[in-house]
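**Q** In my numbering, the protein residues as written are 4 to 179. Beta carbons are placed, not taken as given, at the ideal position from N, Cα and C, and that holds for glycine. Note that the structure is predicted; figures quoted are calculated from it, not measured. The structure's right below; bear with me while I get my questions together.
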């Protein structure tokens, strides 16, 4: 019978990585429902929320850049071994996809603010500067990437729970 793989749980991520991970996660869990809520509002009703959404989004971008620096600058635990080559690759793919999506969401958010006229509308307090959502391709991309991010987050949580139940390993110890 094949010996089950046991991952070392003593090695943790750096404090900077841990703080930016959890703060980013919290902010994403605020941004996504806020964005979905704003989709249903008229432009005049959502200007205050857009300001908050944009500022928090920029904070997530800054945290993502910081976390990327921490990730490469500090020693980190070995990748989780699942016992399956496909799952091992999936773990790495999901983690990398988070970084790619966070950067993509930030870029499309900034593009939406500029191209969509939101930045000018905030500056001048004139909502007539804002283009229709159908005229802002970056807005659609922003929403699609945010939804993919949420699906990956669900996969990430399921992966943790699966690992906890099947392997009896609390991999969360590495990031708390």
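1. Are there 16 or more other CB atoms within 10 angstroms of the CB of residue 4, so buried, or fewer, so exposed?
2. By the three-class DSSP mapping on this structure, what secondary structure does residue 70 have?
3. Got a sec? Which residues, its chain only, sit under 8 Å from residue 50 by beta carbon, not counting five neighbours each side?
4. With DSSP collapsed to three states, give me the class of residue 181.
5. Would you call the stretch 69-87 and the stretch 34-45 touching, i.e. three or more CB-CB distances under 8 Å?
6. On the DSSP letters alone, give me the boundaries of the alpha helix (DSSP H) that residue 18 sits inside.
7. I need the straight-line Cα distance from residue 117 to residue 27, nearest angstrom please.
8. Between residue 17 and the rest of its own chain, which residues show a CB-CB distance below 6 Å, the 5 nearest in sequence each way excluded?
9. Counting along the chain, where does the alpha helix (DSSP H) carrying residue 165 start and finish?
10. Can you give me the Cβ contacts of residue 109 inside the same chain, cut-off strictly under 6 Å, excluding the 5 residues immediately before and after it?
11. Secondary structure at residue 83, three-state DSSP: helix, strand or coil?
12. Under a Cβ-count criterion, where at least 16 other Cβ atoms within 10 Å of its own Cβ denotes burial, should residue 169 be classed as buried or exposed?
**A** So, from the listed chains and residues:
1. Locating residue 4 in the chain shown gives position 1, where the first residue counts as 1. Caution applies to residue 4, whose pLDDT of 45 falls short of 50 and renders its modelled position unreliable; the value that the coordinates give is listed next. Per the 10 Å Cβ criterion, exposed.
2. Here residue 70 refers to the residue found at position 67 when the chain shown is read from its first residue. Residue 70: helix per DSSP, three-state reduction.
3. Position 47 of the chain shown, counting from 1, holds the residue named residue 50. Only 124, 125 and 130 meet the Cβ criterion.
4. Residue 181 cannot be examined here, being either before or after the span of the chain that is shown, 4 to 179.
5. no
6. Mapped onto the chain shown, residue 18 falls at position 15. First-last of the alpha helix (DSSP H) with residue 18: 18-42.
7. For the purposes of this step, residue 117 is taken as the residue at position 114 of the chain shown. For the purposes of this step, residue 27 is taken as the residue at position 24 of the chain shown. Using only the alpha carbons, I get a separation of about 24 Å.
8. Translated into the one-based positions of the chain shown, residue 17 becomes position 14. Around residue 17: 73 and 77.
9. Along the chain shown, one-based indexing puts residue 165 at 162. Run containing residue 165: 140-170, per the alpha helix (DSSP H) assignment.
10. As a working mapping, residue 109 is identified with position 106 in the chain shown. The answer, listed in chain order, is 64.
11. Along the chain shown, one-based indexing puts residue 83 at 80. Residue 83: coil per DSSP, three-state reduction.
12. Locating residue 169 in the chain shown gives position 166, counting from the first residue. It is exposed - the Cβ of residue 169 has fewer than 16 other Cβ atoms within 10 Å.
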